[in-house]
Amino acid sequence: MTLRRKLLLVALCTLALPVAGWLYVRQMETLLREGQAQALLASANAVARSLVVTGAVASTSGRGWYVQPAPSPITIDGYGDDWAPLTPWSQSLGARGKLLLAADDDGLCLYADVRATRRTRADADDANALAADHLILALGNAEGRRRYLLASAAPGPLVARPLDPPVDGLPELITAQWQEDGSGYRVELRLPRGLHLRTLGVGVYDAAAGGDRLAADARPLLSYSDKLSGELAQLVPDRVQARVLAPQGWLLARSGRLNTMPGSDGQPSWFAALVYRSLLATRLEDANLWAQDVPRLDTREVAAAGIGKPVSVWRSGEERGSVVLAAAVPIEHAGQVDGVLLLEQASRTVPLLANRALFGLLLTSFGVLLVAGGILLLFATRLSLRLGRLRNAAEHAQLNDGRLDGLFERGKFPMTDAPDEIGDLARSFERLFEVVGSYTDYLRTLASKLSHELSTPLAIVKSSLDNLEHAALPAEAQPYLARARDGVARLGALVRAMSESSRMERAIAAAEPEDVDLREVVRGCADAYRPLIGARRLDCMLPDAPLHLHCAPELVAQALDKLLDNALSFTPPDGWLRLTLRGAPDGAEIELANQGPPLPAAMQGRLFDSLVSLRDKTTPGGAPHLGLGLYVVRLVAERHGGVASARNLDDGSGVAFSLVLCSMPRSRLCS
-11 MTLRRKLLLV
-1 ALCTLALPVA
9 GWLYVRQMET
19 LLREGQAQAL
29 LASANAVARS
39 LVVTGAVAST
49 SGRGWYVQPA
59 PSPITIDGYG
69 DDWAPLTPWS
79 QSLGARGKLL
89 LAADDDGLCL
99 YADVRATRRT
109 RADADDANAL
119 AADHLILALG
129 NAEGRRRYLL
139 ASAAPGPLVA
149 RPLDPPVDGL
159 PELITAQWQE
169 DGSGYRVELR
179 LPRGLHLRTL
189 GVGVYDAAAG
199 GDRLAADARP
209 LLSYSDKLSG
219 ELAQLVPDRV
229 QARVLAPQGW
239 LLARSGRLNT
249 MPGSDGQPSW
259 FAALVYRSLL
269 ATRLEDANLW
279 AQDVPRLDTR
289 EVAAAGIGKP
299 VSVWRSGEER
309 GSVVLAAAVP
319 IEHAGQVDGV
329 LLLEQASRTV
339 PLLANRALFG
349 LLLTSFGVLL
359 VAGGILLLFA
369 TRLSLRLGRL
379 RNAAEHAQLN
389 DGRLDGLFER
399 GKFPMTDAPD
409 EIGDLARSFE
419 RLFEVVGSYT
429 DYLRTLASKL
439 SHELSTPLAI
449 VKSSLDNLEH
459 AALPAEAQPY
469 LARARDGVAR
479 LGALVRAMSE
489 SSRMERAIAA
499 AEPEDVDLRE
509 VVRGCADAYR
519 PLIGARRLDC
529 MLPDAPLHLH
539 CAPELVAQAL
549 DKLLDNALSF
559 TPPDGWLRLT
569 LRGAPDGAEI
579 ELANQGPPLP
589 AAMQGRLFDS
599 LVSLRDKTTP
609 GGAPHLGLGL
619 YVVRLVAERH
629 GGVASARNLD
639 DGSGVAFSLV
649 LCSMPRSRLC
659 S
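Position one of the sequence shown corresponds to residue -11 (this note's numbering), numbered consecutively onward.
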């Protein structure tokens, strides 16, 4: 992993700041919501106690029948078209059907829908009417209770027959409409106003079910009370909607309305609302779009309060970005739950405060993150560039032969004046290259120094051996004298070769270039080599057109001589050689390939160094090999601004030595 990526990973650690801030804002939002919930629950308990003290909520035992206000006058015809707006809040008649009660200007209307696919029909006046399908309607007031039989043998109007003696205030006859279809029958009737009913019961008898009779379940009548709503309005705090509900959730009174419209701060954007809902208020109930005007609330907070447990709930408001706090408490008297008080308060303050705090924290945190990341990225980039520059300088400081590049020989290693650790590293590199350069220069001049120092002692030894030849020596000493003279001769050849190497370097540096056709130079060399290589085959591959180059032809020929001499040492007597000349982007390339063993991998980078050779120390004739031939080739290539290289052939049949030459007036480095 690069240094920049590592520092970027370090910069990502600053992400802990916005995460910690988000947790803090979320905790703050939770505390704000809990505080508001506790305050609203306290207000709800106070209002509930006031309603109990004033007796505003009547005590009801068990379930009751709820009478809804009719949105429009109801026509008594036995059909449910007028009841469609009230149908979602119908009341169950067990498993057999449903019941709807509504009050309009003319009285109390009743609509019963009974499901019965098999019918037994009889009119109410028939003797066997109680054995057929029928309804029992039970009405009760302060004076007593009276039942009525509703049955019909055919669709149309009917008159209910009383089953009990007359009761003051209750009607003698009740007219109704009976309609039926394949799924069952429907009964619709209206009771006149002024009956002052306290209870009402509806029983269903299904003859097809084996005479199963549902007794008329007398329940108290529940309805919306304007009087209770007025008393409630005096007790409820401002900007709070209050509703008094029966334990089953039927609406008995209401005061105030929820205001979820945008305030002075305006309506938050969809993004702000989404952020609040996703990152902060994760415990919001879904909004109930019918919660404002429904006659019955079937929510978990009302159900919990109906069994005596106070509950507070947060839910999303109908307007975007708003939340609603609902607190439901039981209205209890003598240990019995008579109703439920539900207080609801729309709040935009909590989301706005939380959103502002969160956005401010996130903007600040991400700003710090971006600044820190940018600074670290710039620092890492600058550090990487400096280290890369130092690496490149170290890689290019030393040439293949161990000599330092001219730039570094003048003590210009980069970044040595930097005061930091990289500057210390650059100065250490500079000192190291100075030592390496000095040692390389010593090795390069070692041959000339040795040849100079060995010349005088060698001359003394040779003259001494000459004098010994004129002395009277025993016969057994003559072989030793011959061996000594042979060793002196060989040592003299070595000294002359080392001296020749030094002179050769000066001669190559002093060579003068001229414009020549390099193709003719190579062809001439190839023609001269063929008589010298014996049975070996030499192929010469030249370009079709002349290849002109400003160079020193005698140096090129000398380099080819050295390459041929090296190739002959490793080519079998019946092997092959291939001399190739081709054009290069800034000059020419000469390649001499020969059949023979491959180059050792450990020696490929040192073949062109001085005093390095892969051949035996002597040829069969006794001439020493000092490894100067390929060194001369390298000097010729560098004199022409090129390079000398060696490689193994791809098919493994031999090796190839190449000499890249550039025009001498051009730059020393060849591309």
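All residues carry an ideal CB built from backbone N, CA and C; glycine is no exception.
Are the CB atoms of Leu453 and Leu442 nearer to each other than 8 Å?
no
Give the range of the beta strand (DSSP E) segment to which Pro143 is assigned.
Taken as a continuous stretch (DSSP letters only), Pro143 belongs to no beta strand (DSSP E), as it is neither H nor E.
Quick check on DSSP: helix, strand or coil for Val190?
Val190 sits in a strand when the DSSP states are folded into three classes.
Tell me which residue opens and which closes the alpha helix (DSSP H) that Asn554 is part of.
Run containing Asn554: 541 to 556, per the alpha helix (DSSP H) assignment.
Since Val175 is in the beta strand (DSSP E), which residue starts that stretch and which ends it?
Taken as a continuous stretch (DSSP letters only), the beta strand (DSSP E) holding Val175 covers 172 to 180.
Of the listed residues Val40, Val621, Pro445, Val504, nearest to Leu223 (C-alpha basis):
Val40
With a CB to CB cut of under 6 Å and the five nearest residues on each side skipped, what residues in its chain are close to Ala523?
Pro561, Asp562
Contact set for Ala117: own chain, Cβ-Cβ below 7 Å, skip 5 residues either direction
Ala110, Asp111, Leu137, Ala139
Using a 10 Å radius around the Cβ and a threshold of 16 neighbouring Cβ atoms, would you call Ser633 buried or exposed?
buried
Cβ-based neighbour list, Gly327, same chain, cut-off 7 Å, excluding 5 preceding and 5 following:
Val45, Val232, Leu233, Ala234, Pro235, Leu240, Ile319
Mind reading off the beta-carbon distance from Gly666 to Asp101? Whole number of angstroms is fine, and I expect it under 8 Å.
The structure shown does not extend to residue 666, since the chain spans only -11 to 659, so no value can be given for it.
3-residue-minimum beta strand (DSSP E) runs that sit fully inside the segment 103 to 159, ordered along the chain:
Correct list: 122 to 128, 133 to 138, 144 to 150.
What does the Cβ neighbour count give for Ile448, buried or exposed, with the cut at 16 atoms within 10 Å?
exposed
In whole angstroms, what separates the C-alpha of Ala581 from that of Ala406?
Rounded to whole angstroms, the gap between the alpha carbons of Ala581 and Ala406 is 50 Å.
Assigned exposure category for Tyr517 - 16 Cβ within 10 Å defines buried:
buried
Quick check on Ile458: does DSSP put it in helix, strand or coil?
A small fix is needed here, since residue 458 is His in this sequence, not Ile. Three-state DSSP puts His458 in coil, outside helix and strand.
Tell me whether the beta-carbon of Ala576 lies closer than 8 Å to the beta-carbon of Leu565.
no
Coil, strand or helix - His536 by DSSP
strand
Is the segment 167 to 176 in contact with the segment 90 to 108, if contact means three or more CB pairs nearer than 8 Å?
yes
List in chain order: all unbroken beta strand (DSSP E) runs of 3+ residues lying wholly within the segment -3 to 40.
At a cut-off of 3 residues, not a single continuous stretch assigned as beta strand (DSSP E) sits fully inside the segment -3 to 40.
I'd like to know whether the C-beta atoms of Ser217 and Arg242 end up nearer to each other than 8 Å.
yes
Taking 8 Å as the cut-off, decide whether the C-beta atoms of Pro143 and Trp166 are in contact.
yes
Quick check on this structure: which residue in Ala120, Arg303, Leu461, Asp408 has the alpha carbon closest to the alpha carbon of Arg374?
Asp408
Does DSSP put Ile363 in a helix, a strand or coil?
Helix at Ile363.
Just confirm the distance between the C-beta atoms of Leu569 and Ile578, as a whole number of angstroms; I'd bet it's less than 8 Å.
6 Å
How about Val317 and Ala293: do their beta carbons lie closer than 8 Å?
yes
Put Ser451 into one of helix, strand or coil per three-state DSSP.
helix
Tell me, please, whether the segment 1 to 20 touches the segment 284 to 301 by the rule of three or more beta-carbon pairs shorter than 8 Å.
no
Apart from the five residues just before and just after Phe367, which ones in its own chain have a Cβ nearer than 6 Å to its Cβ?
none
Let me confirm a value: Met529 is counted as buried when at least 16 other C-beta atoms fall within 10 Å, else exposed. Which label applies?
exposed
What span of residues does the beta strand (DSSP E) with Ala572 cover, start to end?
564 to 572
Which residues does DSSP list as the beta-bridge partners of Arg242?
Arg231
Would you decide whether Thr607 is buried or exposed? Buried here means 16 or more other CB atoms lie within 10 Å of its CB.
Residue placement at Thr607 cannot be trusted, given a pLDDT of 45 that sits under 50; the coordinates are not used to answer.
What residues in its chain sit with their C-beta under 6 Å from that of Ser211, if we drop five residues either side in the sequence?
Val55
The beta strand (DSSP E) spanning Asp505 covers which residue range?
502 to 505 is the span of the beta strand (DSSP E), which, as asked, contains Asp505.
Are there 16 or more other CB atoms within 10 angstroms of the CB of Lys215, so buried, or fewer, so exposed?
Classification for Lys215: exposed.
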